[in-house]
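So the first sequence is numbered by the working numbering: it starts at 1 and just counts up by one.
One structure is given below, encoded as structure tokens.
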Amino acid sequence: MPEMPEVETIRRDLAEKVAGRRIVSADVELPRLIKWPTAPEFQAMITGKLINRLGRRGKYLLFYLENNMVLVIHLRMTGRLYYSKQGQLTDKFTRLVFNLDNGDQLLYADTRTLGTLYLLPKNELWRISGLNTLGPEPLSEDFTLEYFRSKLAKRKAKIKALLLNQQFIGGLGNIYADESLFVAGIHPERTADSLAEDEICRLYHAINQVIAAGIEHGGTTFRDYRNARGSSGGHQHYLYVYGRANQPCPNCHSPIQRIEVGGRGTHFCPQCQIWKGRNT
DNA sequence: CTTCACGCCTGTCAGC
DNA sequence: TGCTGACAGGCGTGAA
Numbered sequence: 001m002p003e004m005p006e007v008e009t010i011r012r013d014l015a016e017k018v019a020g021r022r023i024v025s026a027d028v029e030l031p032r033l034i035k036w037p038t039a040p041e042f043q044a045m046i047t048g049k050l051i052n053r054l055g056r057r058g059k060y061l062l063f064y065l066e067n068n069m070v071l072v073i074h075l076r077m078t079g080r081l082y083y084s085k086q087g088q089l090t091d092k093f094t095r096l097v098f099n100l101d102n103g104d105q106l107l108y109a110d111t112r113t114l115g116t117l118y119l120l121p122k123n124e125l126w127r128i129s130g131l132n133t134l135g136p137e138p139l140s141e142d143f144t145l146e147y148f149r150s151k152l153a154k155r156k157a158k159i160k161a162l163l164l165n166q167q168f169i170g171g172l173g174n175i176y177a178d179e180s181l182f183v184a185g186i187h188p189e190r191t192a193d194s195l196a197e198d199e200i201c202r203l204y205h206a207i208n209q210v211i212a213a214g215i216e217h218g219g220t221t222f223r224d225y226r227n228a229r230g231s232s233g234g235h236q237h238y239l240y241v242y243g244r245a246n247q248p249c250p251n252c253h254s255p256i257q258r259i260e261v262g263g264r265g266t267h268f269c270p271q272c273q274i275w276k277g278r279n280t
């Protein structure tokens, strides 16, 4: 489900509600979602902890607790986090409940149960594979045009596949990758090293623009995503190509095509994203 | 080193 | 109605 704009929306929603609250107990209904430490240790260690603030890296949500402990949650495909006032919000796929000191709850729900949770001291976050190799994220200082250009050079992978590589850019997922390529006018199957300078520049700006719009609209609800209040996002009304196979391109009215690239459903306009470059 | 296929899970939907 | 297969917003692993 969630890519960087969705996780950021959840972070913003939750931050004001849980910062300063204490976790009085945790109900672990599906222990295997807890990847570190063991589920019983996790439950014991998190009990009584004060939540100081919320952070985010790519698609990872970080709850900074007292004593330098960090609760790390990755929602993967169908994870959802809700703030439930006095048990008013429910979800039949609830897998963990954090009971707070004001009688409210933080719910972790997950249909496909692919999500992951960790509880670690701040200086041991390197244990989380994926988080420890995460690349710079769009809109951040580290994500510069120079960095982007240097990472594309000599790469034979298809540009779409590379955009989904979290070691390269942290936070892009399938929706925003397709949208970015459309905005930049680049065919998803072009190899990374075939992009010309002006295309690299367009794609770089498109990524930042698309991610910023996603955040501004409170994320994209295509199927499972909900924000911390259980509501849908708004960016699905602004999608150009994602999920719009056979519908007219907003720019040229050609039918949007759906193909598979790197094992992922990929949407693009065959007119506006012309296949050009060295790898034809 | 890079790239790719597969597995993890459960649900929904289209087609028969 | 029931069945089957395709598909789903992610990512780690291991093989080539």
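Glycine is no exception: its CB is placed at the ideal position from the N, C-alpha and C atoms.
- Per DSSP, residue 148 lies in no beta strand (DSSP E) segment; the continuous alpha helix (DSSP H) that holds it begins and ends at 145-152.
- Bounds of the beta strand (DSSP E) holding residue 118 are 116-121.
- Residue 164 is positioned such that its CB atom lies closer than 8 Å to that of residue 173.
- Under the three-state reduction of DSSP, residue 260 is assigned to strand.
- Burial is judged here by how many other beta carbons sit within 10 angstroms of a residue's own beta carbon; residue 254 has fewer than 16 and is exposed.
- Restricting attention to 17, 183, 193, the CA atom closest to the CA of residue 159 is found in 193.
- The DSSP assignment places 34-36, 51-57, 60-65, 69-74, 79-84, 94-100 as complete runs of the beta strand (DSSP E) inside the region 31-100, in order along the chain (cut-off: 3 residues).
- Judged by pairs of C-beta atoms under 8 Å, the region 129-146 does not touch the region 229-248, as fewer than three such pairs exist.
- In the DSSP annotation of this structure, the continuous segment of the beta strand (DSSP E) that includes residue 106 starts and ends at 105-110.
- When only Cα atoms are considered, residue 27 and residue 53 end up about 22 Å apart.
- The alpha carbon of residue 101 has as its nearest neighbour, out of 204, 17, 224, the alpha carbon of 17.
- The continuous beta strand (DSSP E) containing residue 28 extends over residues 23-28.
- Just so you know, the alpha carbons of residue 83 and residue 97 end up roughly 10 Å apart.
- Per the coordinates, the alpha-carbon of residue 200 lies some 48 Å from the alpha-carbon of residue 40.
- Cβ neighbours of residue 154 within its own chain (closer than 7 Å, five residues either side excluded): 193.
- Taking the Cα of residue 49 as reference, the smallest distance to any Cα among 123, 23, 87, 214 is reached at 23.
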